[in-house]
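Chains as they are written, first to last, in our numbering: chain A, 1050 to 1496; chain B, 16 to 497.
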Amino acid sequence: MTSEQQYIDLYRECREQICAHSTDVLNAVRDEAFNSFERLGFPSRKVERYKYTTIDKLFEPNYGLNINRLEVPVDPYKAFRCDVPNLSTSLYFIVNDQFRQSLQPKENLPEGIEVTSLAEYAKAHPEFVAQHYARLAKSDEDGITALNTMLAQDGLLVHVKRNVVVDKTVQVINILRSDVAMMVNRRVLIVMEEGANAKFLFCDHAADDQQFLTTQVIEAYVGANASLDLYCMEETHYKNTRISNVYVEQQRDSRFNHNVITLHNGVTRNRLDVQLKGEGAECWCNGCVIADKTQHVDNNTLIDHQVSHCTSHELYKYVLNDKATGAFAGRVLVRHGAQHTVSEEVNQNLCATKTARMYTQPMLEIYADDVKCSHGSTVGQLNDAALFYMRQRGISEKEAKLLLEFAFINEVIDKIQLEPLRDRLHYLVEKRFRGELSKCEGCKLCK
Amino acid sequence: METKDTKNAYVRQVAEQKYEYGFTTDVHTDIIEKGLNEDVVRLISSKKGEPDWMLEFRLQAFRHWQTMKEPKWGHVHVPDIDYQAISYYADPLAKKNENKEIDPELMKTFDKLGIPLEERLALSGVAVDAIMDSVSVKTTFSQHLAEKGIIFCSIGDAIKNHPDLVREYLGSVVPYRDNFFAALNSAVFSDGSFVYIPKGVRCPMELSSYFRINARNTGQFERTLIIADDDAYVSYLEGCTAPMRDENQLHAAIVEIIVKDNAEVKYSTVQNWYPGDENGKGGVLNLVTKRGDLRGVNSKLSWTQVETGSAITWKYPSCVLRGDGSQAEFYSVAVTNNYQEADTGTKMIHMGKNTKSTIISKGISAGHSQNSYRGLVRATSNADNARNYSSCDSLLLGSDCGAHTFPYMDIHNDTAIVEHEATTSKISEDQLFYCNQRGIPTEQAVGLIVNGYAKDVLNKLPMEFAVEAQKLLSVSLEGTVG
Chain A
1050 MTSEQQYIDL YRECREQICA HSTDVLNAVR DEAFNSFERL GFPSRKVERY KYTTIDKLFE
1110 PNYGLNINRL EVPVDPYKAF RCDVPNLSTS LYFIVNDQFR QSLQPKENLP EGIEVTSLAE
1170 YAKAHPEFVA QHYARLAKSD EDGITALNTM LAQDGLLVHV KRNVVVDKTV QVINILRSDV
1230 AMMVNRRVLI VMEEGANAKF LFCDHAADDQ QFLTTQVIEA YVGANASLDL YCMEETHYKN
1290 TRISNVYVEQ QRDSRFNHNV ITLHNGVTRN RLDVQLKGEG AECWCNGCVI ADKTQHVDNN
1350 TLIDHQVSHC TSHELYKYVL NDKATGAFAG RVLVRHGAQH TVSEEVNQNL CATKTARMYT
1410 QPMLEIYADD VKCSHGSTVG QLNDAALFYM RQRGISEKEA KLLLEFAFIN EVIDKIQLEP
1470 LRDRLHYLVE KRFRGELSKC EGCKLCK
Chain B
16 METKDTKNAY VRQVAEQKYE YGFTTDVHTD IIEKGLNEDV VRLISSKKGE PDWMLEFRLQ
76 AFRHWQTMKE PKWGHVHVPD IDYQAISYYA DPLAKKNENK EIDPELMKTF DKLGIPLEER
136 LALSGVAVDA IMDSVSVKTT FSQHLAEKGI IFCSIGDAIK NHPDLVREYL GSVVPYRDNF
196 FAALNSAVFS DGSFVYIPKG VRCPMELSSY FRINARNTGQ FERTLIIADD DAYVSYLEGC
256 TAPMRDENQL HAAIVEIIVK DNAEVKYSTV QNWYPGDENG KGGVLNLVTK RGDLRGVNSK
316 LSWTQVETGS AITWKYPSCV LRGDGSQAEF YSVAVTNNYQ EADTGTKMIH MGKNTKSTII
376 SKGISAGHSQ NSYRGLVRAT SNADNARNYS SCDSLLLGSD CGAHTFPYMD IHNDTAIVEH
436 EATTSKISED QLFYCNQRGI PTEQAVGLIV NGYAKDVLNK LPMEFAVEAQ KLLSVSLEGT
496 VG
C-alpha cells in the first residue's frame, strides 16, 4: 500500500465525520483538495521543490488523527510556561490543531484585532473567511497543501482591521500533546488590512515523547501599507516531523518580516512563498538552523516579484553537526516588467563534522532587465586563524569553537526586531550550542 | 533620450544582419534513409567498417535509448524532435574512392570558414580535424604529430587503427546510460576526433576540430575522445558552424576526456552553430554531453567555452575530480539573442583529496532570449579539503529577455570550502554615461563594456580563438541596445 492510499481511504471513510466537526467554509474546498491529492500524491524527490526531503516515507507510519475533535486533557496555562519572558506578549495556545480560548483579558489587545479559532470565526463571518481561505494555498500545486486542506478542521485566525497597530507581540504556542503517535493538520489564516501593523511569534513545542507529524499551512494577506512580522521558532524533539507551507501575499508598500528558527527537531521542511503584488512592497526572510544528531532541516523559499519597485532580502544560516542534513533552496523570480527590483539572497553554512550534509541551491530567475539581484552561498568551516587566535589567548578549543559558531549564527538573530526575543534567542542559542537545551525552560510537562 | 525610432533602427539593423556562416555547400553527399532502428545502427557501423565489439556497443546503447525519455528539466523549450525524420549518416566524401582527391568544393568550404585544410596555408601551430556532417574530411599534421607518438585522427580511424585504446576508454567517462542524448549518440555517433598524448609528451601545437553540418535533415552526432597520459599536456580547440535552414537541426555530441597523473588538458570551444532567424525559426539544437575524468594525481583540466550560436543549448561540460590534488576550471561566456535559449553550466564532482575547482560563468542575454546557468558542485565524504569558487554573473540587455541562475551545492564533507556568488544586472547607466561623455556612442560603449565583462573568460582562450570570440561577441550583440 502506498503511503498516499491510507489517507485517500481515510478521507473516503471519514469524510462525513471530518465535515461534521468543522464548518461549511472549510468543508467547501475539501473535496476539491481531495481530488488534487489523489492526483498529485505526495511529492517525490523528482519534484524540484522537494528534491531534498523524502516526503512519502514520513507519512508511512500509522498516525492517529483527532477527527472527532476530542478535547485533549491539558491545561496549557498550568502545564506549560514556555513563553519568552519580558516580551509582555498576549499569549495564545493551540493544542495540536485546536485553538484554546485565551484566559488572558482581551483588553491586552487593542480594538480591531481578532485572534481566535478559525472554525469559530468562519461560522460567524463565513463570507470573510471564504474570501481568503485556500486562495493563496492552492491545492492543485502541492500535495501537502492538498492533504492539509482536505483534513484541516480548525486552526488559528488573525484579523487585524484597517490602521490598527498592535504594539504587543502576539505569541501563539503550538503544543503537540498525545499519548499515541499523532498527526496534526494545522491551519492558520492571517489577514492584515490596509495600514495594519502586528507582530507574531509562533513557537512549536512537543509536550510528549511521541512521534508527531504536523502539516501546517499558513496563509497571510498583507494589505497596502500594512506590516507583518512573523517569527516561527521550532523547539521540539527528534521524533517530530513538521511540514509547513507558508503563503504570503503583499500589497503596495507593505512590509513582511519572516524569521524561522529551528533549534530542535526531527525532520522539518519549511516552504515559504511570498508574492510581491503591489509596488514598493518589501520583505525580509531570515532563517537560522542549528542541527545535530540526525536532524533534517529543509528550507525552501520562493520570492515572486510580480511588479516593479519591490525589494526582497533573504539570509539563511545553518550550523550542522553529527549526521545532520541541511538543505536550502531559494528561488527569486522576477517577472517580466518587474523593473527596479532589488533582491539579495545569502545562504551560509557551517559543516562541523564529516558526516553532516548540506545541500544549497540559491536560484535567480529574471525576466526584467533593470534589476539588481544577487545571491551568494558558502559552505565551509570555522576560520583556523580565528580559532588559533583564541586558543593563543587561553580559550579552550571547545569554547573557541562555540564562540565562533555563536558569532556566525548571531547575524540572523540580530536581524530580529523584537529586542526581548532577540535577547532570549541569544540565550537559547548559546545554551543550544552548549548542548544544555534539550527541553524547554520552565516547562512542567517535559521532564 | 533615444527615441523609439532610433530603437527600431537598431532592431532593423540586427534583423538585416546575416549569419556569416549560413551558406551551404553543393557537394555530392551520400545520405542514408531517414529513420532510426537497429538496422540503421548496423548500417552506420558497417559503412564505417567497424569491428563487432563496436557494433555491440552501439546496439546496447540503442536498446537502452529506446527505454528512455527525453529530459524535460532544462529551462529551455526543446521543440518535439521526430527521431524518425532525421537521417543519421551523411557522407560528403562518398566519391572519394573513385578519386583520391578531396572534392575541391569541400576544400573551398573550409577555406571560406577560415579553416584551410592545406598544411602550408594553415596557421602555424594548429592541427585541424575537419568534420563535415558524419565524416572527417581531413586531419592535418597527423604525420608530424605521430613522430612524437601523439595520435590525432578521426575516431573512425582510431577504432580501426588503435582499437585497444578506444575500447579501453570509450564510454568510460560518459557511459551510454548517462542520459537520453548520450545514449542516442552512443548508438549512432559518426565522426569526431581522437587524441592520445603519450606519457611525458607536451603537444607542440594546438589541436583543433572543426564541425560543420551541411546536409539537410541530418543530425550531427560527433564523438570526441581525448586521453592525456601521465605528465602530458594538450590544448584542444573546437569550432562549429551550420547553414541557415528553417527547420531545426539536431546536434547531440559526446566529448570524453581522460587526464592521468600530472597531465593537463585545456579544452576550448567557440560554439557558433546557426542560432535561427530573428523570429526564432530554425537553428541548431545543441544537446551535448561533455565530461572530463581527472583520474590522475595533480591532473588538471580546463574547459573554456564561448557560446554564441544554437537555437537551444543544453550543455554542461563537467569534471570528475577523482585524483588527489586535481584541479578543474570552467570558464564560460554564453550570449543569447533573439529567441535563443541556453541552459548551460558545469558540474564539479570532488572525489579526491585536496581538489580544487573554479567556475566563472558570464551570461549575456538580449532580445527575447533566455539564458540560464545551471551548475553542480559536489564534495563527497572522501573529498577532504575540497575547494570550490563559483561566480556567475548575468547581464541583461533589453526588457524582454531572461537571465537565470540555478546553482546546486551538495556538500558531504566538513573540510570542504565552497563559495558561490552571482549577480544579475543591466549595464550600469554610470558606465554608459562615462563613455558617452568621452564621445563614445552608446552602441560602441556597450560593446566595450561587454567585452570588459567577458574578459575574465576570453583571456583564458588561446590567442587565435580569443580574437574570433571577441569579434563574435560584438557581432552577436550588435543592435541590442536602444
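Glycine included, each C-beta is placed from N, C-alpha and C at the ideal position.
Between the CA atoms of residue j and residue i - distance to the nearest angstrom
i	j	result
Val1229 (chain A)	Asp1257 (chain A)	9 Å
Gln275 (chain B)	Ser317 (chain B)	The question names Gln, yet the displayed sequence has Lys at residue 275 (chain B). Roughly 14 Å between the two C-alpha positions.
Lys315 (chain B)	Thr82 (chain B)	36 Å
Tyr1056 (chain A)	Gln1150 (chain A)	30 Å
Gln1066 (chain A)	Arg1118 (chain A)	10 Å
Pro66 (chain B)	Lys175 (chain B)	8 Å
Ser1166 (chain A)	Gln1388 (chain A)	40 Å
Val1233 (chain A)	Arg1304 (chain A)	30 Å
Arg306 (chain B)	Glu271 (chain B)	5 Å
Lys470 (chain B)	Asp445 (chain B)	20 Å
Thr170 (chain B)	Thr1264 (chain A)	For the sequence presented, residue 170 (chain B) should be read as Ile rather than Thr. Roughly 57 Å between the two C-alpha positions.
Phe1249 (chain A)	Leu1279 (chain A)	5 Å
Gln75 (chain B)	Asn200 (chain B)	12 Å
Asp1132 (chain A)	Gln1466 (chain A)	Its pLDDT being 48, under 50, Asp1132 (chain A) is placed unreliably in this model, and the value from its coordinates should be taken loosely. Computed Cα separation, rounded: 18 Å.
Phe1091 (chain A)	Val1078 (chain A)	19 Å
Asp1472 (chain A)	Ile1458 (chain A)	14 Å
Ile96 (chain B)	Glu85 (chain B)	10 Å
Tyr1 (chain B)	Gly390 (chain B)	Residue numbering for chain B in the displayed model covers 16 to 497; residue 1 (chain B) lies beyond these limits and cannot be assessed.
Tyr1296 (chain A)	Ala1186 (chain A)	6 Å
Phe77 (chain B)	Thr361 (chain B)	26 Å
His177 (chain B)	Gln485 (chain B)	38 Å
Thr1427 (chain A)	Lys1288 (chain A)	30 Å
Ile1310 (chain A)	Lys330 (chain B)	39 Å
Val461 (chain B)	Gln1355 (chain A)	28 Å
Close Cβ partners of residue i (< 7 Å) along its chain, the five nearest in sequence each way excluded
i	result
Asp261 (chain B)	Lys296 and Gly297
Val1144 (chain A)	Val1121, Val1123, Pro1125, Ile1224 and Arg1226
Lys49 (chain B)	Gln99, Ala100, Ile101, Ser102 and Asn232
Glu113 (chain B)	In this prediction, Glu113 (chain B) has a pLDDT of 47, which is less than 50 and means its spatial position is unreliable; what the coordinates show is noted afterwards. Closer than 7 Å at Cβ, skipping near neighbours: no residue.
Val141 (chain B)	Met220, Glu221, Ser223 and Glu479
Thr1072 (chain A)	Ala1168, Ala1171 and Lys1172
Residue i - partner residues in DSSP beta bridges
i	result
Gly390 (chain B)	B:Pro422
Met1412 (chain A)	A:Arg1380
Gln1397 (chain A)	A:Lys1366 and A:Thr1427
Trp1333 (chain A)	A:Asn1306 and A:His1362
Gly1375 (chain A)	A:Val1346 and A:Met1407
Tyr404 (chain B)	B:Thr373 and B:Glu434
Met1035 (chain A)	It is not possible to answer for residue 1035 (chain A), since the shown part of chain A is limited to 1050 through 1496.
Phe1142 (chain A)	A:Arg1149 and A:Ile1222
Met147 (chain B)	B:Val150 and B:Arg227
His1354 (chain A)	A:Leu1325 and A:Val1383
Close Cβ partners of residue i (< 6 Å) along its chain, the five nearest in sequence each way excluded
i	result
Ser376 (chain B)	Ser347, Tyr388 and Cys407
Thr40 (chain B)	Glu120, Thr124 and Asn229
Lys1372 (chain A)	Thr1343 and Thr1404
Thr395 (chain B)	Met366 and His427
Val1207 (chain A)	Val1164 and Ile1239
Could you say if the segment 1440-1452 of chain A and the segment 439-456 of chain B meet the contact criterion of at least three C-beta pairs nearer than 8 Å?
no
What ranges does the beta strand (DSSP E) occupy inside the segment 1419-1460 of chain A, keeping only unbroken runs of at least 3 residues that lie completely in it?
For the segment 1419-1460 of chain A, the continuous beta strand (DSSP E) assignments of 3+ residues that do not extend past its boundaries occur at 1421-1429, in sequence order.
When you compare the segment 351-360 of chain B with the segment 379-398 of chain B, are there three or more beta-carbon pairs, one atom per stretch, that lie closer than 8 Å?
At 8 Å Cβ cutoff, the stretches touch.
Report the residue ranges of all alpha helix (DSSP H) runs contained in full by the segment 166-252 of chain B; include only those spanning at least 4 residues, in chain order.
170-176, 178-184 and 195-203
Could you pull out every unbroken beta strand (DSSP E) segment of at least 3 residues lying fully inside the segment 259-315 of chain B, listed in chain order?
Runs of the beta strand (DSSP E) lying entirely within the segment 259-315 of chain B, each at least 3 residues long, are 263-266, 269-274, 279-286 and 298-309 in chain order.
At what residue ranges does the segment 1240-1298 of chain A contain a whole run of the beta strand (DSSP E), taking only runs of 3 or more?
1246-1255, 1261-1271 and 1276-1284
Select from the segment 427-440 of chain B all residues with a C-beta closer than 7 Å to any C-beta belonging to chain E, and list them in chain order.
No chain E is present in this structure, whose protein chains are A and B.
If contact is defined by three or more beta carbon pairs under 8 Å, each pair taking one atom from either stretch, is the segment 1266-1273 of chain A in contact with the segment 1157-1172 of chain A?
Here the segment 1157-1172 of chain A makes no contact with the segment 1266-1273 of chain A; the two share fewer than three CB pairs at distances below 8 Å.
Taking three-plus beta-carbon pairs below 8 Å as touching, is the segment 1312-1324 of chain A in contact with the segment 1347-1360 of chain A?
Because the criterion of three Cβ pairs below 8 Å is met, the segment 1312-1324 of chain A and the segment 1347-1360 of chain A touch.
Contact between the segment 1412-1426 of chain A and the segment 405-422 of chain B (3+ Cβ pairs under 8 Å)
The segment 1412-1426 of chain A makes contact with the segment 405-422 of chain B, as at least three CB pairs between them are under 8 Å.
Does the count of Cβ pairs from the segment 1195-1213 of chain A and the segment 1093-1104 of chain A closer than 8 Å reach three?
no
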